[in-house]
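Residue numbers for the sequence shown follow our numbering, beginning at 392 and rising by one.
Report on the structure given below.
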Amino acid sequence: MTKKIVVIGGGLAGLVAAVVCAEAGAEVTLHEAHRRLG
């Protein structure tokens, strides 16, 4: 069963968290309020 993870914020910490979770096999959704990440 695939875990579903939602990351709020596309700053450095949010991006790293999303990548780590995706590499571990989770289905990741990343939400960011601005047009650009980082």
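Each residue gets a CB set at the ideal place from its N, CA and C atoms; glycine is no exception.
For this session: Count the other CB atoms, across all protein chains shown, that sit within 10 Å of the CB of A409; report buried if there are 16 or more and exposed otherwise.
Result: buried
For this session: Measuring alpha carbon to alpha carbon, tell me which of I399, G401, A415, V411 ends up nearest M392.
Result: A415
Exercise. What does DSSP give as the partner residues of V419 in its beta bridges?
Worked result: I396
For this session: Spatial neighbours of G400 within its chain, please: CB distance less than 7 Å, with the 5 preceding and 5 following residues excluded, ordered by chain position.
Result: E423.
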